[in-house]
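Protein chains in written order, with this note's numbering: chain A, 9 to 332; chain B, 323 to 633.
Beta carbons are placed, not taken as given, at the ideal position from N, Cα and C, and that holds for glycine.
Here the structure is a predicted model, which means the values were calculated and not measured.
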């Protein structure tokens with residue numbers, strides 16, 4: 009059985025410009041101990057998905073229309089605020105995109121880690137502080153620095169602190185929302201390597217949100233490609249990378265520079281993401297797709313199997329055919 | 323080899339000492355260390371502490387001598403010394419009834435300082451809670467609180483103070499109330515604005531993501547991050563409050579007449595400004611020095627409480 013199961017999730021943002029359809033009937037599964045990569049371009053509602061699982065959507069505008077998020081036989085969308093507070097941090101933790109702003113500037117890093125511990129465990133301040141030192145060591149920061157403030161750390165170190173906070177209560181699921189986007193490439197590799205190692209050590213499952221396919225290839229077991237609030241392709245990393253079956257996935261790959269190929273120009277995906285307040289009626293990708301025909305503009309495609317659990321949302325796969 | 327060892331051992335010890343030193347210092351101890359580096363702020367703090375000490379000393383003296391010194395030097399009129407200029411006997415000279423200005427200033431400290439500071443503290447607590455609730459929860463609560471505050475703001479503070487004192491009668495507590503109530507909406511607005519700017523920062527969301535509740539977020543994440551503007555505003559407002567007390571005393575509804583309140587000395591001196599400059603200049607300078615010191619302390623605190631300006 010799946011460890012975390014998202015069923016038919018539909019989320020809207022009510023804004024002055026109209027209703028933004030952020031997530032449209034999303035189904036997703038995450039298994040114990042696995043890393044699921046969620047890939048998509050800016051504005052594809054990757055972060056909305058993460059915040060939805062944490063129930064941290066902006067209260068005024070965000071609205072969950074329908075769907076279930078089942079975690080350990082409990083629907084998180086039905087949980088009370090009280091129950092949710094116990095789940096956040098202790099069961100599901102989140103790493104935010106920008107380590108520069110996700111630490112409280114007036115508390116020492118030790119206090120911040122200790123606080124995450126105190127929220128969930130009834131222990132003394134001293135014990136929590138010891139745990140904080142332990143966590144710092146675990147993410148590769150000397151425990152002596154426990155009394156320092158966030159501004160005394162570099163970007164990569166701050167992200168390590170953020171990871172230490174997230175892991176302080178041994179969560180079962182870690183949601184990492186573009187954890188390395190704000191870091192440079194060398195630090196990125198270090199942080200990802202460390203996250204991978206910690207994940208294996210603590211047997212945590214992970215939802216890794218990113219727009220970097222290289223990160224997915226190195227860290228994930230499964231990958232879901234999301235476009236305009238819809239999963240357009242899902243499968244194991246190996247299957248999806250070997251046999252990309254949705255024109256959008258393919259577009260993503262062709263727009264990455266390759267070291268061994270000698271090309272003058274990259275091939276971008278033409279056009280822009282559709283306005284999320286006015287999504288096209290048929291396939292959401294039809295306005296940018298080179299294969300689109302009348303049917304794509306009229307009808308909305310379902311997920312068709314490619315091979316095994318590998319599925320993609322494209323009519324061209326309807327009869328078991330391949331993309332080309 | 324042995325040399326190396328000893329040097330290594332020598333190196334280790336101080337490092338350890340520094341490290342434990344860092345660990346044991348909290349936010350406030352750290353702020354204090356930074357505050358002391360600010361010379362002007364330290365001078366301001368010394369002046370304020372000195373004035374507080376003077377005020378407490380006069381209270382003790384009055385209690386010990388059953389107001390003997392108060393009656394003899396502060397209240398008793400001596401018309402032969404009327405408007406006498408500064409001399410060795412009376413360093414700051416005498417006022418229009420021949421009372422020694424130095425004594426009157428010393429005994430007047432309690433009114434300005436205590437009422438000023440206590441009234442702003444009271445306003446800060448009320449305004450702070452209202453502003454924090456309004457800013458943090460927004461929505462209809464915010465609207466309700468802030469519209470009421472707007473109504474309060476539309477009444478000039480002096481008029482409101484007069485209204486409160488006339489309705490409740492004169493007296494120290496009523497004076498305190500009349501000074502503090504008009505300041506509540508001003509402080510509430512500032513607290514609300516800072517809370518709103520902080521509550522949407524990512525670290526607040528991050529705190530929620532590890533399961534922190536509202537109370538914890540407000541007290542540990544939001545308030546410490548918006549203390550700086552609040553402290554500066556509060557210290558400035560103490561100055562305003564001291565001036566307001568003086569104004570009310572002038573109108574005869576503040577501190578009662580023979581009591582040596584600074585503002586009332588200053589206002590009484592207005593008539594004699596051409597003949598006896600010292601009566602108005604000296605209390606004016608004392609008020610200025612007090613307000614200036616408060617502002618310096620406020621500025622110093624702002625810098626000291628911001629860990630980013632550390633070292």
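C-alpha gap between residue i and residue j, whole angstroms
i	j	result
residue 357 of chain B	residue 552 of chain B	17 Å
residue 288 of chain A	residue 546 of chain B	47 Å
residue 84 of chain A	residue 536 of chain B	20 Å
residue 612 of chain B	residue 122 of chain A	42 Å
residue 86 of chain A	residue 127 of chain A	22 Å
residue 471 of chain B	residue 433 of chain B	28 Å
residue 386 of chain B	residue 465 of chain B	53 Å
residue 174 of chain A	residue 145 of chain A	14 Å
residue 283 of chain A	residue 469 of chain B	38 Å
residue 216 of chain A	residue 368 of chain B	56 Å
residue 430 of chain B	residue 392 of chain B	11 Å
residue 292 of chain A	residue 260 of chain A	16 Å
residue 522 of chain B	residue 13 of chain A	29 Å
residue 528 of chain B	residue 185 of chain A	12 Å
residue 350 of chain B	residue 219 of chain A	42 Å
residue 227 of chain A	residue 208 of chain A	11 Å
residue 539 of chain B	residue 557 of chain B	26 Å
residue 296 of chain A	residue 510 of chain B	52 Å
residue 555 of chain B	residue 457 of chain B	18 Å
residue 210 of chain A	residue 374 of chain B	58 Å
residue 336 of chain B	residue 149 of chain A	Residue placement at residue 336 of chain B cannot be trusted, given a pLDDT of 40 that sits under 50; what the coordinates show is reported in the next sentence. Using only the alpha carbons, I get a separation of about 20 Å.
residue 389 of chain B	residue 379 of chain B	13 Å
residue 596 of chain B	residue 406 of chain B	13 Å
residue 133 of chain A	residue 88 of chain A	28 Å
residue 264 of chain A	residue 197 of chain A	18 Å
residue 589 of chain B	residue 568 of chain B	8 Å
residue 33 of chain A	residue 623 of chain B	53 Å
residue 229 of chain A	residue 311 of chain A	20 Å
Under 8 Å between C-beta atoms of residue i and residue j
i	j	result
residue 154 of chain A	residue 136 of chain A	no
residue 615 of chain B	residue 366 of chain B	yes
residue 587 of chain B	residue 426 of chain B	yes
residue 581 of chain B	residue 417 of chain B	no
residue 352 of chain A	residue 73 of chain A	Residue 352 of chain A lies beyond the stretch modelled for chain A, which goes from 9 to 332, so this question has no answer here.
residue 236 of chain A	residue 58 of chain A	no
residue 234 of chain A	residue 62 of chain A	no
residue 619 of chain B	residue 447 of chain B	no
residue 600 of chain B	residue 415 of chain B	yes
residue 26 of chain A	residue 107 of chain A	no
residue 156 of chain A	residue 117 of chain A	yes
residue 577 of chain B	residue 497 of chain B	yes
residue 482 of chain B	residue 504 of chain B	yes
residue 377 of chain B	residue 435 of chain B	yes
residue 561 of chain B	residue 572 of chain B	no
residue 191 of chain A	residue 167 of chain A	yes
residue 499 of chain B	residue 627 of chain B	no
Residue i, DSSP secondary structure in three states
i	result
residue 60 of chain A	helix
residue 69 of chain A	coil
residue 581 of chain B	coil
residue 156 of chain A	coil
residue 103 of chain A	strand
residue 344 of chain B	Any reading at residue 344 of chain B is ruled out, since the residue's pLDDT is 43, under 50, leaving its predicted position unreliable.
residue 214 of chain A	strand
residue 21 of chain A	strand
residue 234 of chain A	strand
residue 34 of chain A	strand
residue 388 of chain B	coil
residue 128 of chain A	helix
residue 91 of chain A	helix
residue 394 of chain B	helix
Residue i at chain D interface by Cβ criterion, 8 Å
i	result
residue 55 of chain A	Among the protein chains in the structure shown, which are A and B, there is no chain D.
Next on the checklist: Closer than 8 Å is the cut-off here; do at least three beta carbon pairs connect the segment 531-538 of chain B with the segment 88-106 of chain A?
Outcome noted: yes
Item to check | alpha helix (DSSP H) runs wholly inside the segment 427-490 of chain B, at least 4 long, in chain order | outcome: 438-459, 461-475, 479-490
Item to check | Segments assigned alpha helix (DSSP H), at least 4 residues, entirely inside the segment 480-563 of chain B | outcome: 494-502, 505-521, 524-531
Checklist entry - Which whole runs of the alpha helix (DSSP H) in the segment 349-380 of chain B are 4 residues long or more, in chain order? => result 349-359
Checklist entry - Which runs of the alpha helix (DSSP H) spanning at least 4 residues fall entirely within the segment 297-329 of chain A, listed in chain order? => result 302-306
Item to check | Meets three-Cβ-pair contact criterion under 8 Å: the segment 207-225 of chain A and the segment 34-50 of chain A | outcome: yes
Next on the checklist: Taking 8 Å as the cut-off, does the segment 445-454 of chain B touch the segment 514-525 of chain B (at least 3 CB pairs, one atom from each stretch)?
Outcome noted: yes
Item to check | At least three beta-carbon pairs within less than 8 Å, the segment 310-321 of chain A to the segment 239-257 of chain A | outcome: yes
Item to check | Whole alpha helix (DSSP H) elements within the segment 180-212 of chain A, 4-residue minimum | outcome: 193-210
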